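Data first, discussion second: the structure below is written as structure tokens.
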Amino acid sequence: MAGKIKAQGSLAVVQLHHAGFRAPRELIGDMPVAPSPSEKFGARGLSHGEVQSLIEDFIRGAERAKQAGFDGIEIHGAHNYVICQFLSAEFNRRTDEYGGSLKNRSKVLFDIISGIRKRCGAEFLIGVRLSPERHGILLEEAVGTAKALFAAQEIDFLDISAWNVFKEPVEAAFQGRSLLSYFCELDRGEIRLGAAGKVYSPEDVYYCFEQGLDFALLGRAAMLHHNYPHLLRDNASFMPKRTPVSREHLLAEGLSEQFLEYIASMWPDFISG
Ligand SMILES: Cc1cc2nc3c(=O)[nH]c(=O)nc-3n(C[C@H](O)[C@H](O)[C@H](O)COP(=O)(O)O)c2cc1C
Numbered sequence: 001m002a003g004k005i006k007a008q009g010s011l012a013v014v015q016l017h018h019a020g021f022r023a024p025r026e027l028i029g030d031m032p033v034a035p036s037p038s039e040k041f042g043a044r045g046l047s048h049g050e051v052q053s054l055i056e057d058f059i060r061g062a063e064r065a066k067q068a069g070f071d072g073i074e075i076h077g078a079h080n081y082v083i084c085q086f087l088s089a090e091f092n093r094r095t096d097e098y099g100g101s102l103k104n105r106s107k108v109l110f111d112i113i114s115g116i117r118k119r120c121g122a123e124f125l126i127g128v129r130l131s132p133e134r135h136g137i138l139l140e141e142a143v144g145t146a147k148a149l150f151a152a153q154e155i156d157f158l159d160i161s162a163w164n165v166f167k168e169p170v171e172a173a174f175q176g177r178s179l180l181s182y183f184c185e186l187d188r189g190e191i192r193l194g195a196a197g198k199v200y201s202p203e204d205v206y207y208c209f210e211q212g213l214d215f216a217l218l219g220r221a222a223m224l225h226h227n228y229p230h231l232l233r234d235n236a237s238f239m240p241k242r243t244p245v246s247r248e249h250l251l252a253e254g255l256s257e258q259f260l261e262y263i264a265s266m267w268p269d270f271i272s273g
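Sequential numbering from 1 applies to the sequence shown in this note's numbering.
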């Protein structure tokens with residue numbers, strides 16, 4: 001059974017991820033690894049034993065998070081990181097029990113979840129982040145993974161990394177309705193469903209709830225206001241700042257100089273001046 005989200009206040013959850021073939025060789029000082037060898041990314045395939053070590057590493061990461069005082073973890077299964085690579089039929093061409101059918105390709109994820117639940121207990125929050133499309137993932141399969149997670153009822157929340165909560169699917173066959181509707185319509189039992197992408201104003205947050213989500217994730221909006229949910233709770237007409245904003249504002253919100261440099265390199269229109 002999942003640990004059920006009971007708290008009304010704040011909960012601290014840390015994300016666990018392994019970059020797989022996305023890890024730059026210069027940074028890790030070795031050849032990146034992936035479910036299967038990839039010439040394009042200069043990666044070698046993980047051996048069967050290494051896959052088992054990878055699963056154990058995620059479980060140990062969760063144990064360390066618990067020891068450090070976190071309420072839970074989020075397993076990064078999105079953005080073409082290693083778990084996403086395992087889920088993808090494009091990047092996972094293994095012939096052992098970790099490859100082939102979607103069930104086999106999701107075995108790494110499910111083994112990690114079961115291991116964390118067993119070793120960190122029923123009260124420890126476990127979340128999963130999935131990419132609903134792109135990154136080698138087909139919408140139908142992402143929905144299949146969500147369905148399996150909901151059927152197992154071992155996690156507490158599912159986070160769909162949509163990059164835009166208002167968008168339609170990229171695959172033409174599924175267009176005509178919102179991307180998130182494919183996840184909202186599933187029977188999710190006790191598991192909470194949320195999504196991220198271009199949620200800025202309170203209206204955007206309410207739109208997420210109207211679509212059937214249980215929570216909205218804030219990325220860039222939370223950088224503009226580190227305490228956004230509290231500001232909205234305390235003032236129903238709260239209007240967040242719009243980008244570009246000054247360096248001074250972001251520093252006052254608690255962002256470091258180094259992080260500002262990173263933002264400026266990724267989103268040139270975020271910071272004014
Ligand atoms: C500076 C920055 C760093 C991010 N780092 C991560 C990360 O470590 N893991 C992750 O899953 N997503 C990361 N994201 C993506 C966000 O979690 C979020 O999904 C994305 O920004 C879309 O939401 P937004 O439109 O509210 O910003 C990052 C986004 C930004 C802007």
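Even glycine gets a Cβ: it sits at the ideal position worked out from N, Cα and C.
Since we're looking at a predicted model, the values are computed, not measured.
### Message
ligand 1 and R220: does any heavy atom of the ligand fall closer than 7 Å to the residue's C-beta?
### Response
Result yes, Cβ under 7 Å from ligand 1.
### Task
Use the C-beta contact count for V82: other C-beta atoms within 10 angstroms, 16 or more gives buried, fewer gives exposed.
So V82 ends up on the buried side.
### Where the beta strand (DSSP E) through L250 begins and ends
L250 -> not in any beta strand (DSSP E); alpha helix (DSSP H) instead, spanning 247–252.
### Query
If you follow the beta strand (DSSP E) that S14 is part of, which residue opens it and which one closes it?
Sequence inspection shows Val at residue 14; the Ser mentioned does not correspond to that position. Under the DSSP assignment, V14 falls in the beta strand (DSSP E) whose first and last residues are 13–16.
### Task
Thinking D71 and L11 are a contact (beta carbons under 8 Å), I'd like their distance in whole angstroms, please.
The Cβ separation is near 4 Å, so the contact holds.
### Query
In three-state terms, what does DSSP make of H76?
H76: strand per DSSP, three-state reduction.
### Query
What's the C-alpha gap between E171 and L139?
Taking the straight line from one Cα to the other gives about 8 Å.
### Query
Cβ atoms of L87 and I126: under 8 Å apart, would you say?
L87 sits away from I126, with the two beta carbons spaced by 8 Å or more.
### Task
For I59, count neighbouring Cβ atoms within 10 angstroms of its own Cβ and tell me buried if that reaches 16, exposed if not.
By the Cβ neighbour-count rule, I59 is buried, with 16 or more other Cβ atoms within 10 Å of its own.
### Task
Please name the residue in R93, G115, V108, R119 whose C-alpha comes closest to that of Q67.
The candidate whose alpha carbon is nearest that of Q67 is R119.
### Query
Using DSSP with H/G/I as helix, E/B as strand and the rest coil, what is L125?
In the structure shown, L125 falls within a strand segment according to DSSP collapsed to helix, strand and coil.
### Query
What separation, rounded to the nearest whole angstrom, lies between the Cα atoms of V165 and C208?
C-alpha separation (whole angstroms): 7 Å.
### Query
Across which residues does DSSP place D159 in a beta bridge pair?
R129, G194.
### Task
Report the option in F270, H230, N227, N235 whose CA atom is closest to the CA atom of R247.
Comparing Cα positions, the closest option is F270.
### Alpha-carbon to alpha-carbon, F150 and M1
In this prediction, M1 has a pLDDT of 42, which is less than 50 and means its spatial position is unreliable; what the coordinates show is noted afterwards. Taking the Cα positions, M1 is about 11 Å away from F150.
### Task
Have a look at G212 and R188 and give me their C-alpha separation to the nearest angstrom.
Their backbone Cα atoms lie some 11 Å apart in a straight line.
### Query
Which word fits T145, buried or exposed, when buried means at least 16 other C-beta atoms lie within 10 angstroms of its C-beta?
Buried: at least 16 other Cβ atoms inside 10 Å.
#### Entry: Collapsed DSSP secondary structure at F215 in the structure displayed
In this structure, DSSP gives F215 an extended state, which the three-state scheme calls strand.
### Task
Could you work out which residue in I55, G254, Y228 is closest to S47 when comparing CA atoms only?
For the residues I55, G254, Y228, the minimum Cα distance to S47 belongs to I55.
### Task
Since I believe R94 is in contact with P35 (beta carbons under 8 Å), could you give me their beta-carbon distance rounded to a whole number of angstroms?
In this structure P35 is in contact with R94, their Cβ atoms being roughly 6 Å apart against a cut-off of 8 Å.
### Query
Looking only at C-alpha atoms, which of L102, I263, A19 sits nearest to V143?
Nearest to V143 by C-alpha distance, out of L102, I263, A19, is L102.
### Task
For S161, collect the residues of the same chain with a Cβ closer than 6 Å to its Cβ; drop the 5 residues on either side in sequence, then sort them by chain order.
Around S161: A78, R129, S131, A196.
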